[in-house]
Ligand code: NAD
Ligand code: UDX
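Residue numbers (our numbering): 47 to 525.
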């Protein structure tokens with residue numbers, strides 16, 4: 047079979063960009079991305095796409111209506127497809143057995159049942175969602191137990207490694223594509239079919255094929271190892287603050303060791319995003335289920351260190367502001383979990399905001415890409431607050447950094463947006479309450495310059511001197 051028709055179940059952060067790139071690189075293949083959500087599909091078909099991702103608009107506009115389609119007609123797309131990607135969400139379970147840790151596979155199962163109910167011809171079904179090891183077995187069981195006579199399936203694992211904010215770049219030039227499948231002749235044939243799609247733009251040597259379980263586990267392992275590096279450098283940032291070492295200097299020094307390498311050593315307010323925490327919790331749960339409690343505890347520590355870092359940073363904000371932020375105006379610059387995305391899932395800014403609100407602060411928030419409705423949704427969620435009305439009174443969203451910082455007691459940098467680096471901090475200092483504080487949770491600002499302007503500055507993993515004007519009043523030069 048030569049794949050001429052692809053269907054993708056799930057038009058989210060993965061399904062949308064991945065299939066847009068496939069459509070752009072394989073003009074002879076019809077790619078239809080379907081979703082249960084009518085609103086999401088309408089947005090994909092509109093001028094304003096549901097997600098912000100640099101380079102995505104151009105690709106969608108070039109291919110939409112030609113060989114790229116967004117639709118709610120799931121039945122038609124499944125019937126037509128030779129190959130179906132499952133790109134649905136796999137959130138952490140919020141109820142029952144494994145609550146708070148195991149992956150909730152109800153959407154994957156729902157997708158498999160839809161395929162089994164609808165398909166009338168053979169399909170290659172590709173797990174693109176991040177799933178626990180051996181999830182393909184469950185999908186196969188559902189498909190086999192419900193299939194139409196004469197219809198056969200091959201299940202492949204093809205986890206996605208894109209990062210948000212660089213998704214198009216990552217999809218165009220991936221470090222590798224990973225495809226896992228059965229070691230039978232039919233399984234190998236299905237792997238070849240999927241390879242031939244990627245080979246439109248990715249050299250064969252960058253396409254790695256493995257058995258299904260290795261592929262599934264590699265995705266969890268990659269995220270766990272990446273997050274582990276961040277927790278490691280964040281743990282060292284606490285040592286730096288206690289000793290006078292500078293975590294950026296330490297990161298450069300260790301990163302120059304080619305065995306360690308320089309990437310993912312940026313100490314921060316803590317990692318966020320929809321994947322790291324969810325996937326590590328899933329790994330921890332799998333290890334416990336396999337009676338490997340020591341392994342589970344090892345990976346759990348990566349999450350615990352991340353919680354510690356978020357809490358440590360926010361406690362520093364409160365402590366520096368004379369141990370009380372009640373009635374104070376604090377500006378959060380950035381709300382997304384990283385720059386170049388409007389995504390706020392598990393954003394550390396939510397933790398900072400919640401703690402400051404609990405302490406009685408009023409918050410001014412500005413983010414270049416996160417909608418006001420999303421910020422208010424996140425901060426009034428039942429897991430975050432008991433009184434949404436109170437939160438709405440205490441939180442104001444601003445259209446730019448200058449209006450957001452006007453009259454504030456302190457500024458907290460929560461996301462490393464480039465535009466925050468080049469703001470006129472003299473102007474911001476003039477408009478703020480004095481003493482004026484900046485807490486740089488992303489280590490992106492010129493701290494020396496800010497101190498010269500008169501700011502009290504705190505950051506991660508480095509002790510900074512007080513502004514000159516205040517030093518004569520204190521025996522110690524450090525804030
Ligand atoms: P998402 O929540 O943005 O999108 C998932 C979409 O699937 C939703 O729009 C939902 O309505 C839809 N859906 C659910 N069940 C469906 C069904 N039966 N039929 C049709 N549509 C259905 O999720 P996402 O961020 O795109 O993540 C998808 C998967 O990819 C997850 O397993 C995630 O762990 C993994 N992943 C995500 C990223 C990332 O950066 N977001 C990166 C790599 C892997
Ligand atoms: C991650 C993985 O990188 C990607 O391969 C996988 O497919 C999905 O999960 P994503 O969550 O989109 O991607 O972004 P990533 O760049 O990994 O950043 C995650 C979080 O870690 C962000 O909050 C980021 O600010 C933080 N981070 C990243 C650090 O704090 N320090 C670093 O050095 C790198």
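Backbone N, C-alpha and C fix where the C-beta goes; we use that ideal spot for every residue, glycine too.
Keep in mind that this is a model prediction, so the values were computed, not measured.
query, result
"Which listed residue (399, 348, 354, 394) has its alpha carbon closest to that of residue 371", "399"
"Cβ-heavy atom distance, residue 164 to ligand 2, below 7 angstroms", "no"
"DSSP bridge partner residues for residue 149 (one or two, in chain order)", "138"
"Cα-Cα separation, residue 525 to residue 404", "Residue confidence for residue 525 is low, a pLDDT of 49 falling below 50, so the modelled location carries little weight and cannot support an answer."
"Any non-hydrogen atom of ligand 1 closer than 7 angstroms to residue 179 Cβ", "no"
"Contiguous beta strand (DSSP E) assignments of at least 3 residues, all confined to the stretch 182-246", "199-203, 223-227"
"Boundaries of the beta strand (DSSP E) in which residue 386 is found, first to last residue", "Premise fails: residue 386 is in no beta strand (DSSP E) and is neither H nor E."
"Identified DSSP bridge partners for residue 412", "379"
"Contact check, residue 504 vs residue 366, beta carbons under 8 angstroms", "yes"
"Alpha-carbon spacing of residue 351 relative to residue 280, whole angstroms", "8 angstroms"
"CB-CB length for residue 164 against residue 124, believed under 8 angstroms", "4 angstroms"
"Reduced DSSP category for residue 51 - H, G, I as helix; E, B as strand; rest coil", "strand"
"Reference residue 306, options 513, 271, 323, closest by Cα", "271"
"Beta-carbon gap between residue 136 and residue 157 smaller than 8 angstroms", "no"
"Continuous beta strand (DSSP E) stretch holding residue 169: start and end", "169-173"
"Cutoff 6 angstroms; reference residue 324; Cβ partners in own chain excluding five residues on either side", "138"
"Own chain partners of residue 362 with C-beta closer than 8 angstroms, once the 5 adjacent residues on each side are dropped", "485, 504"
"Continuous alpha helix (DSSP H) stretch holding residue 515: start and end", "It is not in any alpha helix (DSSP H) - residue 515 carries neither H nor E in the DSSP assignment."
"Whole-angstrom distance between residue 248 and residue 227, CA atom to CA atom", "19 angstroms"
"Under 6 angstroms, CB to nearest heavy atom of ligand 2: contacting residues", "206, 207, 208, 209, 210, 269, 272, 276, 310, 311, 312, 314, 317, 318, 319, 321, 322, 383, 384"
"beta-carbon residue 86 near ligand 1 non-hydrogen atom, thresh 7 angstroms", "yes"
"Through-space distance from residue 212 to residue 490, alpha-carbon basis", "19 angstroms"
"The stretch 388-395 in contact with the stretch 465-473 per 3-pair CB rule at 8 angstroms", "no"
"Exposure of residue 583, with buried meaning 16 or more beta-carbon neighbours within 10 Å", "In this structure the chain extends from 47 to 525, so residue 583 is not present and cannot be described."
"Neighbour-count burial assignment, residue 423, 16 or more Cβ in a 10 Å radius", "exposed"
"Integer-rounded CB distance, given that residue 378 should sit under 8 angstroms from residue 326", "Rounded, the Cβ-Cβ distance is 26 angstroms, inconsistent with contact."
"Contact test: residue 212 Cβ vs ligand 1 heavy atom, cutoff 7 angstroms", "no"
"Per DSSP, cross-strand counterpart(s) of residue 505", "486"
"For residue 223, the nearest candidate out of 47, 206, 161 (CA to CA)", "206"
"Cβ-Cβ distance between residue 154 and residue 130 below 8 angstroms", "no"
"Nearest residue (CA-CA) to residue 47, options 127, 110, 58", "127"
"Paired residues, beta bridge with residue 116 - DSSP", "79"
"Proximity of residue 460 and residue 395 at Cβ, strictly below 8 angstroms", "yes"
"First through last residue of the alpha helix (DSSP H) which encompasses residue 364", "339-366"
"Heavy atom of ligand 1 within 7 angstroms of residue 143 beta-carbon", "no"
"With 16 other Cβ atoms within 10 Å as the buried cut-off, status of residue 478", "buried"
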